[in-house]
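S.K.: Each residue of the sequence shown is one higher than the one before, starting from 1 at the first, in my numbering. Here it is, the structure, as structure tokens.
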Amino acid sequence: QEKEQEIVAFEGDDAEIKIQQILHDYVRPAVEQDGGAITYKSFEDGVVTVELRGSCSGCPSSTITLKSGIESLLKRMVPEVTEVVSEAL
């Protein structure tokens, strides 16, 4: 049984759209597998802001995941990205 392809419309300039696609296609499934959730908030002056919820919220590993995993992936795939930060809940 093939999984139905979800269609999502992203808004913003090219870099912002690419960031949202990467978060949606690569990061979100991995985070959800661990019982967490990630939401894109903004992209300004090279800084991507996300919100981590669920089991990710308050987890000591979430900072490591955010910096070493998500930030390095986005920096590699979107050169405009300089940093990824998590918005406090």
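Backbone N, C-alpha and C fix where the C-beta goes; we use that ideal spot for every residue, glycine too.
Which runs of the alpha helix (DSSP H), 4 residues or longer, sit entirely within the region 14-47?
M.R.: The qualifying runs are 14-22, 28-33.
S.K.: Between GLY12, ILE38, ALA37, VAL47, which lies nearest to PRO79 when the distance is taken from Cα to Cα?
M.R.: Of the candidates GLY12, ILE38, ALA37, VAL47, the one whose C-alpha sits nearest the C-alpha of PRO79 is VAL47.
S.K.: Using alpha carbons as the reference points, say which of SER62, ASP45, TYR40, VAL81 lies closest to ASP25.
M.R.: Nearest of SER62, ASP45, TYR40, VAL81 to ASP25, Cα basis: TYR40.
S.K.: Nearest CA to the CA of GLY35: which residue from LEU23, LEU52, GLN20, GLN21?
M.R.: Comparing Cα positions, the closest option is LEU52.
S.K.: Check the C-beta distance from LEU74 over to VAL85 and give it rounded, since I have them as a contact under 8 angstroms.
M.R.: Contact doesn't hold; Cβ gap of about 12 angstroms is too wide.
S.K.: In whole angstroms, what separates the C-alpha of VAL27 from that of ILE38?
M.R.: Distance between the alpha carbons of VAL27 and ILE38: 8 angstroms.
S.K.: To which residues of the same chain is ILE70 closer than 7 angstroms at the C-beta, ignoring the five residues directly before and after it?
M.R.: Excluding residues within five positions, the ones whose Cβ falls inside 7 angstroms are VAL27, VAL84.
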